[in-house]
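Here the structure is laid out as structure tokens; the discussion comes afterwards.
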Amino acid sequence: MLMGALIFGLVVVTYWPALTGGFLWDDAGHVTRSDLRSLSGLGRIWFEFGATQQYYPVLHSAFWFERLLWGDSTLGYHLLNISLHAGSACLFGIILQRLKIPGAWVTALLFALHPVCVESVAWISEQKNTLSTVFYLASAIVYFRYRDTGHRSHYGWATGLFVLALLTKTVTASLPAALLVIFWWQHGKLNWRRDMLPLLPWFALGAISGLVTAGFERELIGAQGADFNLDLLQRCLLAGRVFWFYLGKLIWPADLIFIYPHWTVNAGVWWQWIFPVAAAALLAGLTVLARRKRGPLAVMLLFAGTLFPVLGFVNVFPFLFSYVADHFQYLASLAIFASAGTFLQLGFSKLPRGFGVSAIVVLAGGLGLLSWAQSGMYRDVLTLYQTTLKKNPDCWMAHNNLALILADAGHIDQAIPHLESAIRLKPDYPLAENNLGNDLTQLDRPAEAVPHLQRALALQPKYPVAERNLGIALAAVGKISDAIPHFENALRLKPDFAEAELSLATALMLTNRFSEAVPHFEKAVTLEPDSIEIRDTYGRALMQAGRFEQSLDHFRHVLELDPGRADTHMNLALALRQLGQKQAAAGEYLEALRLDPSLGNAH
Numbered sequence: 188m189l190m191g192a193l194i195f196g197l198v199v200v201t202y203w204p205a206l207t208g209g210f211l212w213d214d215a216g217h218v219t220r221s222d223l224r225s226l227s228g229l230g231r232i233w234f235e236f237g238a239t240q241q242y243y244p245v246l247h248s249a250f251w252f253e254r255l256l257w258g259d260s261t262l263g264y265h266l267l268n269i270s271l272h273a274g275s276a277c278l279f280g281i282i283l284q285r286l287k288i289p290g291a292w293v294t295a296l297l298f299a300l301h302p303v304c305v306e307s308v309a310w311i312s313e314q315k316n317t318l319s320t321v322f323y324l325a326s327a328i329v330y331f332r333y334r335d336t337g338h339r340s341h342y343g344w345a346t347g348l349f350v351l352a353l354l355t356k357t358v359t360a361s362l363p364a365a366l367l368v369i370f371w372w373q374h375g376k377l378n379w380r381r382d383m384l385p386l387l388p389w390f391a392l393g394a395i396s397g398l399v400t401a402g403f404e405r406e407l408i409g410a411q412g413a414d415f416n417l418d419l420l421q422r423c424l425l426a427g428r429v430f431w432f433y434l435g436k437l438i439w440p441a442d443l444i445f446i447y448p449h450w451t452v453n454a455g456v457w458w459q460w461i462f463p464v465a466a467a468a469l470l471a472g473l474t475v476l477a478r479r480k481r482g483p484l485a486v487m488l489l490f491a492g493t494l495f496p497v498l499g500f501v502n503v504f505p506f507l508f509s510y511v512a513d514h515f516q517y518l519a520s521l522a523i524f525a526s527a528g529t530f531l532q533l534g535f536s537k538l539p540r541g542f543g544v545s546a547i548v549v550l551a552g553g554l555g556l557l558s559w560a561q562s563g564m565y566r567d568v569l570t571l572y573q574t575t576l577k578k579n580p581d582c583w584m585a586h587n588n589l590a591l592i593l594a595d596a597g598h599i600d601q602a603i604p605h606l607e608s609a610i611r612l613k614p615d616y617p618l619a620e621n622n623l624g625n626d627l628t629q630l631d632r633p634a635e636a637v638p639h640l641q642r643a644l645a646l647q648p649k650y651p652v653a654e655r656n657l658g659i660a661l662a663a664v665g666k667i668s669d670a671i672p673h674f675e676n677a678l679r680l681k682p683d684f685a686e687a688e689l690s691l692a693t694a695l696m697l698t699n700r701f702s703e704a705v706p707h708f709e710k711a712v713t714l715e716p717d718s719i720e721i722r723d724t725y726g727r728a729l730m731q732a733g734r735f736e737q738s739l740d741h742f743r744h745v746l747e748l749d750p751g752r753a754d755t756h757m758n759l760a761l762a763l764r765q766l767g768q769k770q771a772a773a774g775e776y777l778e779a780l781r782l783d784p785s786l787g788n789a790h
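Pasting the structure below:
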């Protein structure tokens, strides 16, 4: 109990810099979208494939409830993630105690405070790691209880927790194999009836879960194509390197990065063979050693086996920009921590009592300080990507994402060089081409934007956002007739695209086709009733067409959303004056001048 409270306290202090952290990359795909924030949305999370980024319904149900509890405040998400991590460390300590492994709570401290876990704990999206690990470890604890008692209720609870783990993150499918390794380590052999038969349903559930997730990665997320075309030999080379990379980061957690450099896997480069050969030699050596001591081989089987889904034999989307990521080894690291904790406990036990305790305090303090510094990187997206680019300047994805952040903050001129770098580093990058074209248009350089947007569509023909942006750029250079088909293409590809409806309606207005524009304005308002841009544009279009009465509702709705818009007050005044409501018009006119005195010169 005391150790559990200590671990919780230390984890909170260690992750203090991340508590105020904002939403980061990919968080929008995890924190519940607006169209899912209802009971029917909760049903879609469970029963509609593709409603969420991955079919992890337990995870997305958790996010659904969290969104209900604390909305867009990130503090709640961070506190829960930290608590889940601390809880996993405590459950891990309980398991090690039950298995009579020395240094159980030293190991729990290592896991709780190690910097390699920071990405999983400080990044809201990785609640899939922290939550699934709680279910994984709880399932193991209850299964051990079933082994002791033989009670079916214990087996049922253990199975239920395992299913919850699978529906939170598929990597937990490794649990039945991990249990078999533990039973082999305990007894030196496996008994079919006692050890293997009860776990067969778990293996089946894990296989189904893995197939579903692999299908999602390939078909819905995009883990396919030329960037993922590695032959078997290359995948073996990659697996060896990934194994040693993760092991190295656990032993020496230096230069941890959000996005690591993307390796080139080449069988013609001699030194790349060192990694798989060394891994094979290690496995062979530990197999021989297992005749006398099974522990080291068990640890490596647990570590490598849990890592298997990310060793390179199965495509996962992040391989597009890096073959490794700290959060990939969150669960697998438990085996190495168990080995390290045992080694440290046995070593410290030979020291005088005070020295041993002091050594543990120094080690925990050092790891805590490293994690404290690392968690500061996750305070906000700007810090995250700037730090990433300092350590990995060739990260094209970070250049693109940093450009988006800068553009959203109004620093479009600063975004342009990052997008140019992204395209230089990855010439077949339609997203960066589109973003560069959009930014150039916003900087009143539409003629320069057009080739980039055309390139984006050449690389990715079914790209509704790029279709709309190309239409805007063409309209800006006076080719409105050429722009209209692109707006129509955007809507054909994405029928609920409110911004494209607005763009098409505006273009039709500019070509004196108001009657054709009205249905598109109305559809845009229906799709985004609280969009200031849509309401204001439609109101001005109605004024141009002499429909002043209809324009009033749109201007008033805009001012309900943002009372400080001087231009809208002025447009409302003009519409009221045309309708003969002079007193009301005068009030709006005075309010517009109060907000922006320069408008008096224009009117």
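Throughout the sequence shown, residue numbering follows this note's numbering, covering 188 to 790 in sequence. No residue lacks a Cβ here, since even glycine has one placed at the ideal position from N, Cα and C.
Burial of threonine 317 is indicated by the presence of at least 16 other C-beta atoms within 10 angstroms of its C-beta. Pairing tyrosine 616 with isoleucine 592 gives a Cβ-Cβ distance that is not under 8 Å. With contacts defined by Cβ atoms closer than 8 Å, phenylalanine 701 and serine 690 do not form a contacting pair. Serine 718 carries a coil assignment under DSSP once its states are collapsed to helix, strand and coil. Put simply, the segment 433 to 453 touches the segment 505 to 518. At least three CB pairs are less than 8 Å apart. Approximately 12 Å separates the beta-carbon atoms of isoleucine 659 and leucine 697; this is outside 8 Å, ruling out the contact. Taking one beta carbon from each stretch, the segment 284 to 297 and the segment 546 to 558 have 3 or more pairs nearer than 8 Å; the two touch. By the neighbour-count criterion, in which a residue is buried when 16 or more other Cβ atoms sit within 10 angstroms of its Cβ, phenylalanine 524 is buried.
Here isoleucine 328 carries a helix assignment [DSSP, helix/strand/coil]. Excluding sequence positions up to five before and after leucine 362, its CB lies within less than 8 Å of the CB of Tyr323, Ser326, Ala327, Phe349, Ala352, Trp389 and Gly393, all in the same chain and listed in chain order. Counting only residues of its own chain and dropping the five nearest sequence neighbours on each side, proline 651 has a CB closer than 6 Å to the CB of Ala677, Leu680, Lys681 and Phe684. Residue range 568 to 578 is occupied by the alpha helix (DSSP H) that includes lysine 577. Assigned with DSSP and collapsed to three states, cysteine 582 falls in coil, not helix or strand.
Residue environment for aspartate 723: buried (at least 16 other C-beta atoms within 10 angstroms of its C-beta). Between the segment 458 to 470 and the segment 522 to 541 there are fewer than three inter-stretch CB-CB distances shorter than 8 Å, so the stretches are not counted as touching.
Within the same chain, Ile719 come within 7 Å of aspartate 749 by CB-CB distance, once the 5 residues on both sides are set aside.
Taking C-beta atoms as the reference points, threonine 400 and glutamine 241 count as a pair closer than 8 Å.
With contact defined as three or more Cβ pairs closer than 8 Å, the segment 579 to 588 and the segment 599 to 618 are in contact.
Taking 8 Å as the upper bound for CB-CB distance, leucine 484 and alanine 477 are in contact here, some 4 Å apart. Fewer than three beta-carbon pairs drawn from the segment 554 to 563 and the segment 578 to 585 are found closer than 8 Å, and the two stretches are therefore not classed as touching. Assigned with DSSP and collapsed to three states, aspartate 222 falls in helix. Distance between alanine 692 and leucine 569, taken at the CA atoms: about 36 Å. Between the C-alpha atoms of glycine 208 and alanine 273 there is a straight-line separation of about 19 Å. The DSSP-derived three-state label of phenylalanine 210 is coil.
Separation of alanine 519 and alanine 491 (C-alpha to C-alpha, rounded to the nearest whole angstrom) is 7 Å. The residue among Asn416, Leu729 and Leu262 with its C-alpha nearest the C-alpha of proline 204 is Leu262. Taking aspartate 335 as reference, the option from Lys649, Leu266, Arg285 and Glu620 with the minimal CA-CA separation is Arg285. Taking the Cβ atoms as the reference, isoleucine 232 lies roughly 6 Å from serine 248, within the contact range of under 8 Å. Closest option to leucine 494, judged by alpha-carbon separation, among Pro440, Ala760 and Leu434: Leu434.
By alpha-carbon distance to valine 303, the top candidate from Trp310, Asp717, Ala773 and Pro440 is Pro440.
Methionine 383 sits away from leucine 398, with the two beta carbons spaced by 8 Å or more.
With respect to the C-alpha of threonine 355, the residue from Leu278, Thr320, Gln314 and Leu246 having the closest C-alpha is Leu246. Cβ neighbours of glycine 290 within its own chain (closer than 7 Å, five residues either side excluded): Gly528, Thr529, Leu531 and Gln532. In chain order, Leu593 place their CB closer than 7 Å to the CB of glutamine 601, counting only its own chain and leaving out the 5 sequence neighbours on each side.
Residue burial annotation: serine 260 is exposed, with fewer than 16 other C-beta atoms found within 10 angstroms of its C-beta.
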